[in-house]
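> Those protein sequences? They're chains A and B, same order as listed. Sequential numbering of the first sequence, starting at -6, is according to the numbering used here. Sequential numbering of the second sequence, starting at 1172, is according to the numbering used here. Glycine is no exception: its CB is placed at the ideal position from the N, C-alpha and C atoms.
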Amino acid sequence: MLRTMAAIVAGKTARLAARRRGGGGSAFPGLVAERVDPKILAKTLSRLPDGIVVVSGTNGKTTTTRMLAAIIAAHGKKVFTNPTGSNFTRGVISSMLTEVPLSGRLNADIAVLELDEGHALQFAKVVAPTYALLLNVARDQLDRFAEIDTTAKLLATLASQTTRCIVLNRDDPFVARIALSVETDDVRYFGTDPLAADRVPSLHEADVRFEDDFTPPQPTPRDGLLHPHDSRSFSVRFGEQILGDVTLQQRGLAAMINATAAVTMAKAVLGGDFHKGIAAAALREVTPPFGRGEVIDANGAPLELVLVKNPAGFTVALDTYGDEPVTTMIAINDDYADGQDVSWLYDVSFESLRANGVALTSGVRAYDMALRLDYDDVAVDTIELDLDAALERLLTAYAGRPTRIFCTYTAMMALRRTLAARFDLPDFGEDGA
Amino acid sequence: MTSKGTITLVHLYPREMSIYGDLGNTRCLAARIRRHGYDCVVHDHHPGMPFPETAHLLLGGGGQDSGQSRVEEDLLAIGDRLRGLAADGTPMLMICGMYQMFGHTFLTHEGVEVDGLGILDVTTRGQSTRMIGGVVLDTEFGPVVGFENHSGATVLSPGQRPFGTVRVGHGNDGVSGTEGARTHHVIGSYLHGPLLPANPAVTDALIAPAVELATGRPFEPEDTDDRLADEARTRQIARLLAT
């Protein structure tokens, strides 16, 4: 008890100090608190009456966590979440430090936590999740996790340590197959309705680990199935029940799939208390997380920031936006958090940008991106390695026009910082990555 | 421009052995063949399918262990054909996992020995640590840049030519200073990037013998605008040499 209190004091102090320095790095206070009391996370979270929901997978963690927390909160529950994309254990502790009193008793009913797939096991070692929502396994930063198969195994282990209920993506063969290796009775699925399958492009990696294809069981009324209507509106079917139409503030198929995952998990958590009207209303209100489809008002013209991390994510983003007559910039960095190997750009087809071309490529690998576009016969007007200079050019040479920036993680963070200063946007935290 | 001939490009196991941008080599070759004024047909070869009658240029990529074990049987079934094509001077580019399978044997980290095709005089041993990072090579095609990510350490037999010598990175095994292997027109390498888009000299070195096989005439290249590739390559090489 004393140790926990000491850890919280140390963490809070570190947080204040970091704030005063004006530095980012939301994981630092968590690191300090964890040093003082390695069990702080377990002690604090295990007291929550409705348990702990973890959200993991390669793409869509931040958006889905945000949606799920909003739906549960709209049902009157007090939700603790890690909303800044701090998805390593220290990031979670850091978020906790802002809310926890010295007693270590979080004023919350339930925790909804985004967990980095590489660090999910470290987390589960400390606290067993009550619920796990597993989104997808895509090629992402292979220099970090080495192989997709390894990521799939990590998620399977996380699922096997989950005590009450697991929600799996039935369209992702790596994730759906996890059903075979868990012991809990309550396994649910989300996905696209087989009835609407022809309207959904194939987004998932081929799982070639097994001779036989794993087919998820027939959907039950506990499984949420997506029906996309247009680029922003959709409904989710649970057996005979239909939730929606819902129009999201964020566009695109990826956001709809995330919303489907979130409502399926919310239904599992809330049981008989789940109301589809409340869930739909909550989803309508959810704003996109920073840089993930966020629209910024740039002197009266919309500027959209779209984070791209891997082939699946970039493909979905281009599928959503690609052929719109919008001024496009692509910013590619190759830091650790971006993935140091930019080969993945060749697993994405850029043909949808051909008609309108690309105004600018930027970032450390601006020339590699321009070269990639050249092989798809997409014209590039300007190559400007410096992100701020590229942004300046985008805002002046193309002033008044709708613009869109596809960017990797560190490029997004840098651009978002400049945009925040320029257009007086709210501040935001940084990943523990 | 009328076509100067048709080149058939065979991509081996694009489903199982194409984990990280390997498709980029195929896309790049097909685009560049067309820019040189030739037609290009891309044929995807999957396990169990009959191997195509015509093959002027072969490509293979990297896979995960699961992918590698899926293609082993098929590779042995078409092995004689591949060895014949290699001996006849068919250009081939085999990256990472397929590079290993083109050697004699691959001894996994768990101690299982897998037979390769023996087209390249190399053997590979799986290790517990991965060799990951940017690579700069000196090759007979000039400086080459790429990215490696492999746990197999490959050893060249005496007399086996490497693809290049390492200036930055680990290369075949982290100690020999060599990267990849080259026999006839077959190149094996660990370089992702993908290798070809930023290194057009290597691309043209593969296209030239393929053109000769397909048309019976020497390669007649067009003037290509390689400024973007040259910028991307030289900038990345300068960055890697500076670290």
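Can you give the Cα-Cα distance for A/L418 and B/E1281, rounded to whole angstroms?
Counting from one through the first sequence, the residue named residue 418 of chain A turns up at place 425. Counting from one through the second sequence, the residue named residue 1281 of chain B turns up at place 110. When rounded, the distance between both Cα atoms is 54 Å.
> Judging by CA-CA distance, which residue of A/G50, A/T411, A/E27, A/L106 is the nearest neighbour of A/N427?
As displayed, chain A neither begins before -6 nor continues past 426, which places residue 427 of chain A out of reach and without an answer.
> For chain A, find out if any of its Cβ atoms is closer than 8 Å to the Cβ of B/N1370; answer yes or no.
Residue mapping note: residue 1370 of chain B aligns to position 199 of the second sequence, counting from 1. It does not; no Cβ of chain A falls within 8 Å.
> Give the straight-line distance between the Cα atoms of A/T403 and B/L1247, rounded to the nearest whole angstrom.
As a working mapping, residue 403 of chain A is identified with position 410 in the first sequence. As a working mapping, residue 1247 of chain B is identified with position 76 in the second sequence. Cα to Cα, the separation comes out at about 45 Å.
> With a cut-off of 8 Å, does the C-beta of B/G1296 fall near any C-beta of chain A?
Residue 1296 of chain B sits at position 125 when you count from the first residue of the second sequence. First, the residue type needs correcting, since residue 1296 of chain B is Arg and not Gly in the sequence shown. So, not an interface residue.
> Can you pull the chain B neighbours of A/S336, defined as C-beta to C-beta under 7 Å?
Along the first sequence, read from residue 1 onward, the residue named residue 336 of chain A stands at position 343. Within 7 Å Cβ-Cβ: Y1191, G1192, G1195, F1318, H1363, G1364, P1365.
> Beta-carbon of A/I325 versus every beta-carbon of chain B: anything under 8 Å?
By 1-based counting over the first sequence, the position of residue 325 of chain A is 332. For A/I325, the answer is no, since every Cβ of chain B falls outside 8 Å of its Cβ.
> Considering B/R1338, what are the terminal residues of the beta strand (DSSP E) in which it resides?
Taking the second sequence and counting its residues from 1, one reaches residue 1338 of chain B at position 167. Run containing B/R1338: 1335 to 1339, per the beta strand (DSSP E) assignment.
> Which whole-angstrom value describes the C-beta separation of B/P1380 and B/G1260, a residue pair presumed to lie in contact below a C-beta threshold of 8 Å?
Here residue 1380 of chain B refers to the residue found at position 209 of the second sequence. Here residue 1260 of chain B refers to the residue found at position 89 of the second sequence. Yes, they are in contact, since the Cβ atoms of B/P1380 and B/G1260 sit about 6 Å apart, within 8 Å.
> Can you pull the chain B neighbours of A/I141, defined as C-beta to C-beta under 7 Å?
Reading the first sequence from its first residue, position 148 is the one you call residue 141 of chain A. Chain B residues near A/I141: Q1235.
> What residues in the segment 343 to 362 of chain A bring their beta carbon closer than 7 Å to a beta carbon of chain B?
Here the close residues are Y360, D361.
> Cα-Cα, which of A/A62, A/D334, A/M322, A/L296 is closest to A/N349?
Along the first sequence, read from residue 1 onward, the residue named residue 349 of chain A stands at position 356. Ranking the options by Cα distance to A/N349, first place goes to A/M322.
> B/R1205 CB to nearest chain A CB: under 8 Å?
Counting from one through the second sequence, the residue named residue 1205 of chain B turns up at place 34. So, not an interface residue.
> Can you have a look at A/V239 and say buried or exposed, based on whether 16 or more other CB atoms are within 10 angstroms of its CB?
Within the first sequence, residue 239 of chain A is the residue found at index 246, counting from 1. Buried, by the Cβ-count rule.
> On the DSSP bridge list, what partners appear for B/G1304?
As a position in the second sequence, residue 1304 of chain B is number 133, starting the count at 1. When beta bridges are read from the DSSP output, B/G1304 appears opposite B/E1319.
> Looking at A/A67: is its Cβ nearer than 8 Å to the Cβ of A/A275?
Counting from one through the first sequence, the residue named residue 67 of chain A turns up at place 74. Counting from one through the first sequence, the residue named residue 275 of chain A turns up at place 282. Yes, Cβ-Cβ distance for A/A67 and A/A275 is below 8 Å.
> Which chain A residues are close to B/C1267, counting only those with a beta carbon under 7 Å from its beta carbon?
For the purposes of this step, residue 1267 of chain B is identified with residue 96 of the second sequence, where counting begins at 1. What B/C1267 touches in chain A: nothing, since even the nearest Cβ is about 11 Å away.
> Which residues mark the beginning and the end of the alpha helix (DSSP H) in which B/E1281 is found?
On the second sequence, position 110 is the one that residue 1281 of chain B refers to. No alpha helix (DSSP H) contains B/E1281, which DSSP labels as neither H nor E.
> Mind checking B/L1399: buried by the 16 CB within 10 Å criterion, or exposed?
Locating residue 1399 of chain B in the second sequence gives position 228, counting from the first residue. Buried, by the Cβ-count rule.
> Could you check whether A/V160 and A/A35 sit closer than 8 Å to each other, using their CB atoms as the reference points?
Within the first sequence, numbered from 1, the residue matching residue 35 of chain A stands at position 42. Within the first sequence, numbered from 1, the residue matching residue 160 of chain A stands at position 167. A/A35 places its beta carbon 8 Å or farther from that of A/V160.
> How far does the alpha helix (DSSP H) with B/M1269 in it reach, from first residue to last?
The residue labelled residue 1269 of chain B in the question sits at position 98 within the second sequence. Its alpha helix (DSSP H) spans residues 1268 to 1272.
> Identify, in the order they occur along the chain, each residue of the same chain with its Cβ nearer than 6 Å to the Cβ of B/V1249, setting aside the five sequence neighbours on each side.
Sequence index remark: in the second sequence, residue 1249 of chain B carries index 78 (1-based). Sequence check: residue 1249 of chain B is Ile here, not Val. Within the same chain, F1222 come within 6 Å of B/I1249 by CB-CB distance, once the 5 residues on both sides are set aside.
> Is A/Y329 close to chain B, meaning its C-beta is less than 8 Å from at least one C-beta of that chain?
As a working mapping, residue 329 of chain A is identified with position 336 in the first sequence. By this cut-off, A/Y329 is not an interface position.
> For B/Q1407, does the count of other Cβ atoms within 10 angstroms reach 16, so buried, or fall short, so exposed?
Taking the second sequence and counting its residues from 1, the one referred to as residue 1407 of chain B is at position 236. B/Q1407 should be labelled buried.
> When the Cα atoms are used, what is the spatial distance from A/V309 to B/G1304?
Taking the first sequence and counting its residues from 1, one reaches residue 309 of chain A at position 316. Taking the second sequence and counting its residues from 1, one reaches residue 1304 of chain B at position 133. So the alpha carbons of these two residues sit roughly 28 Å apart.
> Tell me the DSSP bridge mates of A/G356?
What you label residue 356 of chain A is simply residue 363 of the first sequence in a count that begins at 1. The secondary-structure analysis by DSSP pairs A/G356 with nothing; it has no beta-bridge partner.
> Residues of chain A with CB under 9 Å from B/C1211, in chain order?
As a first step, residue 1211 of chain B must be located in the second sequence, where it is residue number 40. By Cβ distance, chain A contributes nothing, its closest Cβ being about 13 Å from B/C1211, past 9 Å.
> On a CA-only basis, which of A/N162, A/V105, A/S226 is nearest A/P210? Give me that one, please.
Counted from its first residue, the first sequence places residue 210 of chain A at position 217. Nearest to A/P210 by alpha-carbon distance, out of A/N162, A/V105, A/S226, is A/N162.
> Against B/L1399, what residues of chain A qualify as contacts under a CB-to-CB distance less than 7 Å, listed in chain order?
Counting from 1 along the second sequence, the entry for residue 1399 of chain B is found at position 228. What B/L1399 touches in chain A: Y360, A363, L364, D367.
> Could you name the residues of chain A that B/E1402 contacts, counting a contact when the two beta carbons are closer than 7 Å?
Within the second sequence, the letter at position 231 stands for residue 1402 of chain B. Chain-order list of chain A residues neighbouring B/E1402: Y360, by C-beta distance under 7 Å.
> Would B/R1338 count as contacting chain A if we go by Cβ distances under 8 Å?
Here residue 1338 of chain B refers to the residue found at position 167 when the second sequence is read from its first residue. Judged by the 8 Å Cβ criterion, B/R1338 is not in contact with chain A.
> A/D109 and A/D43: beta carbons closer than 8 Å?
In the first sequence, residue 109 of chain A corresponds to position 116, counting from 1. In the first sequence, residue 43 of chain A corresponds to position 50, counting from 1. No, Cβ-Cβ distance for A/D109 and A/D43 is not below 8 Å.
> For B/M1302, does the count of other Cβ atoms within 10 angstroms reach 16, so buried, or fall short, so exposed?
Position 131 of the second sequence, counting from 1, holds the residue named residue 1302 of chain B. With 16 or more Cβ atoms within 10 Å of its Cβ, B/M1302 is classed as buried.
> For B/A1202, which residues in chain A fall below 7 Å Cβ to Cβ?
In the second sequence, the residue the question calls residue 1202 of chain B occupies position 31. Correct list: Y368.
> Between A/V130 and A/G284, what straight-line distance do the alpha-carbon atoms span, to the nearest angstrom?
Against the first sequence, residue 130 of chain A aligns to sequence position 137. Against the first sequence, residue 284 of chain A aligns to sequence position 291. When rounded, the distance between both Cα atoms is 21 Å.
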